[in-house]
Amino acid sequence: MVESFPMKKVIDEQGNLVTASDRDLIDQELVQTAYYHMYRIRTFDKKAKSLQRQGRIGTYPPFEGQEAAQVGSALALGEDDWLFPTYRDHGAMLTFGANMTRTFLYWNGRLEGCIPPDGKRIFPAAVPIATQILHATGASWAEKRKGTKNIAIAYFGDGATSEGDFHEGLNFASVFQTPTIFFNQNNGYAISVPFERQMNSSTIAQKGVAYEIPSVRVDGNDFFAVFFEMQKAVNRARSGKGPTLIEAVTWRTGAHTTADDPTKYRPEGLGQDVVDPILRFERFMKNEGFWNDDFAVNIHKEVENEIEAAVKEMESYPKANVEDLFDHVFAELPNQLVNQKDSYLQLLRGK
Amino acid sequence: MVESFPMKKVIDEQGNLVTASDRDLIDQELVQTAYYHMYRIRTFDKKAKSLQRQGRIGTYPPFEGQEAAQVGSALALGEDDWLFPTYRDHGAMLTFGANMTRTFLYWNGRLEGCIPPDGKRIFPAAVPIATQILHATGASWAEKRKGTKNIAIAYFGDGATSEGDFHEGLNFASVFQTPTIFFNQNNGYAISVPFERQMNSSTIAQKGVAYEIPSVRVDGNDFFAVFFEMQKAVNRARSGKGPTLIEAVTWRTGAHTTADDPTKYRPEGLGQDVVDPILRFERFMKNEGFWNDDFAVNIHKEVENEIEAAVKEMESYPKANVEDLFDHVFAELPNQLVNQKDSYLQLLRGK
Amino acid sequence: MTSNITETKIATKSITLIQAINDGMKTVLERDDTTLILGEDVGKNGGVFRATDGLQEIFGDDRVIDTPLSESGIIGTSIGLAVNGFKPIAEIQFMGFIYPAYDQIMTHASRIRMRTMGRFSVPMVIRAPFGAGVRAPEIHSDSAEALFTHMPGIKVVCPATPYDAKGLLISAVEDPDPVLYMEPMHNYRSFREEVPIDYYTVEIGKGIKRTEGEDVTLITWGAMVPLVEKVANQAKENGISCEVIDLRTLYPIDEGLIAESVKKTGRAVIIHEAPRTGGLGNDIVSIINDTSFLYLKAPIERVTGFDVPVPFSSLESHYLPTPDRILKGIEKVTNF
Amino acid sequence: MTSNITETKIATKSITLIQAINDGMKTVLERDDTTLILGEDVGKNGGVFRATDGLQEIFGDDRVIDTPLSESGIIGTSIGLAVNGFKPIAEIQFMGFIYPAYDQIMTHASRIRMRTMGRFSVPMVIRAPFGAGVRAPEIHSDSAEALFTHMPGIKVVCPATPYDAKGLLISAVEDPDPVLYMEPMHNYRSFREEVPIDYYTVEIGKGIKRTEGEDVTLITWGAMVPLVEKVANQAKENGISCEVIDLRTLYPIDEGLIAESVKKTGRAVIIHEAPRTGGLGNDIVSIINDTSFLYLKAPIERVTGFDVPVPFSSLESHYLPTPDRILKGIEKVTNF
Ligand SMILES: Cc1ncc(C[n+]2csc(CCOP(=O)(O)OP(=O)(O)O)c2C)c(N)n1
Ligand SMILES: Cc1ncc(C[n+]2csc(CCOP(=O)(O)OP(=O)(O)O)c2C)c(N)n1
Ligand SMILES: [Mg+2]
Ligand SMILES: [Mg+2]
């Protein structure tokens, strides 16, 4: 099956173009945008880990190592598309326009963290694995019904492919030919369970065969490979040609979450040969004359400032409002909840 | 995909061997056994429909048209194998050794209908679609753990492939290489929904690719094709080579159940070119010199007697026992149930 | 059944409960382009009970959609549709087949408004026939309301009459939040009632007094309503005057109506099909405890399904509350 | 916590609740070859909470099995294994992830014995950490006991102490029917207790009096137990003597213990984490109504989670019963 789904690569580990003619597809703007976002979300991720260690936010699932996959996919989306992420896809969300302060708030246990900027169609991260795959199918089906050219992307991991909702989502998308992109980040592990014990198939891409959904396997640490294959899938979806399954093969550099200890289950040294996607991209930039120290210094500073400001804003955010516990369950509070709310607020005030 | 999974056929619609050399695989005993069972379950099915019309049993889902698939699969099983059927697989169950009286009792709303003969490993029919696929996987996994050569077969329809449990079951079987046969009867419809709206893939066999489970597509109305492919799958499973997915392409001649009206959804004339599997088998018998009027007359009489006796036994069965409502929920009745049972029995006696 | 129609002249027709459901859907599909019907066999076949009969012919297979056999798929994609501008009316063929979709309803449909502080919401209706007594096969007869009344973020309604069926269906579609609409299949065709041919609503959250009485309050819903009304008549002959309350909405429950009645009668019997332990009857006991404790002249009785799976059809008449069991419950609270 | 250990000398060790669960599994895996552990991350990783830590090293990856990420798959295949001679102890990583498996539990695990009149049965244990208060992400903090106490054919246990954790785990494995074993993750490591190192059982169906009292009965389970004990002490300082009952088994409930206590005190407060409507608290109100009506000096109080999804961690302390809310409940029933 690996032969049927060869891994698409645009640049190799040394940052060299695999096919010289691909050079024509790449311009300065794309390169700088890609680098900026990868650097930005990497820095965000580092900050989040450090905040967690200091007890300033809660448990956090780092995405280090998956930046090319997340940025490469998110940058291929259009303004009005829908994004259905998991808990590990804050990189993609930030790239697509999520608010950074709110992203920190999410990991600080705040409802406000789920609200995208006005007009942005970013769903809150799905915690129950694979469930969002159906939402993306439904939301993109809605776009098709409305006659727009908008699409939806569902992010999910290798472990997610074992859930029934993965299967039901792809089948619905196939039957109704919805404009959906099923974007899998195969990062080798579902918590402690390696790919080879999650499934007995050699690729995730081949799972598309079950639904006759066009599928492709890409090097998920190669920004260009991800971005170009995403563009194809996006175009296909927009032009009414239905869903695509993309397997982006990548690697989770760190722990599953800050509460996880990968040394319990990951053989020492495993994955150390994986070249960091940002390093690989920098090599490419240097090889192909895109690197520019000033540019790098500038965006490093810009990102640092942005993140510091976001942390500050997060930490000076008004305390969570008790009323929010009750007020958003329904559009209008039913009597039962009115009573529960009133008597609790009264108790609180009584102190 | 149809090319990757060509439909296996041993005899054609006229009862002629497709490949002359297959003749060597066929002997009188096999032919007579197959004919006997197909004729027997066909007659059972007719009787059940007529009993339902007369109000002597409840709603009934006929399997007419699927006899070659059910008998061809069940005859390939061994004494100690496990069978996990749906509501439409009473033909396979009877062939494998289920009790006919109890089968009628099942459709008469009696718990007793779920109990297989001693030693027979036949599960009660699964009503929630696709759920039994996981049970077959688990039970055969248990056999593998015990080190036996026994296997399990899960029967399911085309509609069942849309459920998450289908997917989860095949994935587990693949990961743990359980000796399971996933036997699909693709009879063209799930109630009113045709195959083409149930999925957008051209075959069910191709769904095995997702799990790297060997898959095969057979003419489900060709007893020999089903039987020989089943034998291969059974042998593979017994010898530790894991699961197989078999798509038996067949046709539901009648209604989904006796409560269903297929004229609401099935285009007139559709399926009329399907040659009845028993007729086809008779043609083969006549073509190849296996037909014998005495044999036919004898088994027809035998089957008639058996069925009449079973109906009689079913109808003279002692009335359902109220205590059975309570007594089998747990091995031992918890207090709550003791109280509920006692007070209800008291009320009944009080009258 | 008492009619809910006021004395003003409005055009009505005499229809069954299932026809009223069909009519309700037709009414909303005509009026609101964003409404859709999705489910197994809802299109060409018009539903296994004919609830959607004729609707695909009128509205096309683009709005009355036969889906794959996939309950989580139906609910999960409906969530996506609902979040993005549509109002799906999703059918679960029988309530016993809603369990595969439980996760989508529990972790998403019911939570998305809260999680996003209202930024996203899931205006959808889930229709599900429920209940025993029609000699259906296994799993076809479950009454699973308590699994949803316990789920914050979804409303649960359960009409017992054709009038309420149409009115509550329209209200459910109008509601900005997910509504589980439970259909007592035992009553699908058991009687007719005059039902307005136009658009009207029955307010979610409001029960109704079906019979006025003084001695005992009987609280029930769904297929039990006509049965309980009949038993109330029997009890009357024995000199016991029963007030019959049809809850109609199971979440949020009309606590006021219950309290008002129990304060008057001082006695209550709750009747439902679902198993006793964990059944909604317990919530009603609590409501009475909370609101009417000092008025109670006897412990509250519950007449319910037993703590056993709905049995095979040969035993289902023993599983379901019978007139005898209900009468005994009434006697118990009156003779206390 | 009061210790359950009798005065005879038995070897014990001081361990936490999670260690007791681990020890319980080790004990049964040693003793009974047919026991298996299955679940996500239970093997190499030893469980995300380390409940199965070290067990794969001892018993091999053939008995302590990392499964695919597939809850319906875990439960469904466990049913097949259980029917065919094994005793699976299946872990659901958090109770909020049990919903995808709800169908398999509801329509199969709990019904197979009845459907086959005992010919097939499903002796299996489903372990699930539950409850809020540990600042976990969304869906990780649900208390879903009422979805299972309402399900005929499955028992539900919920230990609050290390001693009960081990003893109930062993009982659950010994039980011939499916048992849902709920683990209060808030108490996993919150205190230690002397626990026998050998095999012993705690009877399923029996609650325990944690504190003797005269004025009010406080009924609770799981992570609420230590909290309620603390509140009972506070109340004592205010002159109110509380009896604290830890139910330990949620189905079948120890009705006798509840009745005996409420008959003595005449007042009851029920405390649980799950949402109020549909919560198990309502069943307990019914039990008291049925058994102790004439002894009641005040309406029963329930102090519970609100009718809202377990909120994000910044609000969970407001969601959970607090000492103040419990105290207020106690005052309400005493001042009635
Ligand atoms: C239904 C469900 N079951 C279990 C979990 C617990 N859990 C959280 S993340 C995870 C692993 C997911 O692996 P994968 O899909 O590969 O995504 P990754 O974490 O590697 O990005 C598990 C088991 C969950 N969130 N939801
Ligand atoms: C989970 C579930 N959903 C819905 C149903 C109702 N139902 C019964 S049979 C059926 C169609 C099954 O089609 P298929 O799998 O092709 O089997 P066939 O009936 O054709 O043998 C449906 C939808 C059910 N039994 N279980
Ligand atoms: Mg992964
Ligand atoms: Mg079919």
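Taken in sequence, the protein lines are chains C, Y, E and B. In terms of the numbering used here, the first sequence opens at residue 380 and continues consecutively. In terms of the numbering used here, the second sequence opens at residue 380 and continues consecutively. In terms of the numbering used here, the third sequence opens at residue 3 and continues consecutively. In terms of the numbering used here, the fourth sequence opens at residue 3 and continues consecutively. Just so it is clear, CB atoms sit at the ideal spot from N, CA and C, and this is done for glycine as well. Treat the numbers as computed from the prediction; the structure is a model and nothing was measured.
DSSP-derived helix/strand/coil call for residue i
| i | result |
| --- | --- |
| B/His188 | helix |
| B/Thr4 | Note on B/Thr4: pLDDT 47, under 50, position unreliable in the model; the coordinate value appears next. DSSP places B/Thr4 in coil when its eight states are reduced to three. |
| B/Leu322 | coil |
| B/Ala251 | Per the sequence shown, the amino acid found at residue 251 of chain B is Thr instead of Ala. DSSP places B/Thr251 in strand when its eight states are reduced to three. |
| B/Val335 | helix |
| C/Ile501 | strand |
| C/Leu454 | coil |
| B/Leu83 | helix |
| C/Leu490 | helix |
Local Cβ density within 10 Å of residue i, reported as buried at 16 or more and exposed below that
| i | result |
| --- | --- |
| Y/Ala505 | buried |
| E/Arg250 | buried |
| C/Gln433 | exposed |
| B/Glu275 | buried |
| C/Ser400 | exposed |
| Y/Asn395 | exposed |
| B/Gly82 | buried |
| B/Phe193 | exposed |
| C/Glu382 | exposed |
| Y/Arg421 | buried |
| Y/Gln725 | exposed |
Counterpart residues of residue i in DSSP-defined beta bridges
| i | result |
| --- | --- |
| B/His274 | B/Thr306 |
| B/Cys244 | B/Val218 |
| Y/Pro496 | Answer is none; Y/Pro496 lacks a bridge partner. |
| E/Ala92 | E/Leu40 and E/Ile128 |
| C/Met386 | C/Arg596 |
| C/Gln564 | C/Gly536 and C/Ala627 |
| E/Ser16 | E/Glu196 |
| Y/Ala531 | Y/Trp461 and Y/Thr559 |
| E/Tyr183 | E/Arg129 and E/Val159 |
| B/Thr339 | Outside the displayed range of chain B (3 to 338) lies residue 339 of chain B, so it cannot be described from this structure. |
| E/Ile67 | E/Leu40 |
| C/Pro573 | C/Tyr568 |
| B/Leu259 | Bridge partners of B/Leu259: none, in fact. |
| C/Leu396 | C/Ile390 |
Check your understanding: What residues in the segment 112 to 123 of chain E bring their beta carbon closer than 8 Å to a beta carbon of chain B?
Key -> Answer set for the segment 112 to 123 of chain E: Ser112, Arg113, Met116 and Arg117.
Practice item. Report all residues for which the CB-ligand distance to some heavy atom of ligand 6 is below 7 Å; order them along the chain. Key: Ligands in the displayed structure: ligand 1, ligand 2, ligand 3 and ligand 4; ligand 6 is not one of them.
Exercise for review: Below 9 Å between beta carbons is the criterion; list the residues of the segment 127 to 147 of chain E that meet it against any residue of chain Y, in chain order.
Suggested key: Against chain Y - using a Cβ distance shorter than 9 Å - the residues of the segment 127 to 147 of chain E are Arg137, Ala138, Pro139, Glu140, Ile141 and His142.
Check your understanding: Relative to chain C, which residues along the segment 564 to 585 of chain Y have a C-beta separation below 8 Å, given in chain order?
Key -> Answer in chain order: Arg576, Gln577, Met578, Asn579, Ser580, Ser581 and Gln585.
Review point. Closer than 9 Å, Cβ to any Cβ of chain Y: which residues of the segment 74 to 89 of chain B, in chain order?
Key: For the segment 74 to 89 of chain B, the beta-carbon criterion of a distance under 9 Å to any beta-carbon of chain Y is satisfied by Ser74, Gly75, Ile76, Ile77, Gly78, Thr79, Ser80, Ile81, Gly82, Leu83, Ala84, Val85, Asn86, Gly87 and Phe88.
Check your understanding: In the segment 502 to 519 of chain C, which residues sit with their C-beta less than 9 Å from some C-beta in chain E, listed in chain order?
Key -> The residues in question are Phe502, Pro503, Ala505, Val506, Pro507, Thr510, Gln511, Ile512, Leu513, His514, Ala515, Thr516, Gly517, Ala518 and Ser519.
Exercise for review: Determine which residues of the segment 475 to 494 of chain C have a Cβ less than 8 Å from any Cβ of chain E, and write them out in chain order.
Suggested key: Those would be Leu490, Glu491, Cys493 and Ile494, in chain order.
Review point. Quick one, which residues of the segment 393 to 421 of chain Y are near chain E if we go by CB-CB under 7 Å, in chain order?
Key: Listed by position, the residues of the segment 393 to 421 of chain Y near chain E (Cβ gap below 7 Å) amount to none.
Practice item. Identify each residue in the segment 257 to 277 of chain E for which the Cβ-Cβ distance to at least one residue of chain C is less than 7 Å, and report them in chain order. Key: Taking 7 Å as the Cβ-Cβ cut-off against chain C, the residues of the segment 257 to 277 of chain E that qualify are Glu257.
Check your understanding: Which residues, in chain order, does the segment 530 to 546 of chain Y contribute to contact with chain C at a C-beta distance below 9 Å?
Key -> Only Thr540, Ser541, Glu542, Gly543, Asp544, Phe545 and His546 from the segment 530 to 546 of chain Y bring a Cβ to less than 9 Å from some Cβ of chain C.
Check your understanding: In chain order, what residues of the segment 35 to 64 of chain E put their CB closer than 8 Å to some CB of chain Y?
Key -> For the segment 35 to 64 of chain E, which is checked against every Cβ of chain Y, the residues closer than 8 Å are Glu42, Asp43, Gly45, Lys46, Asn47, Gly48 and Val50.
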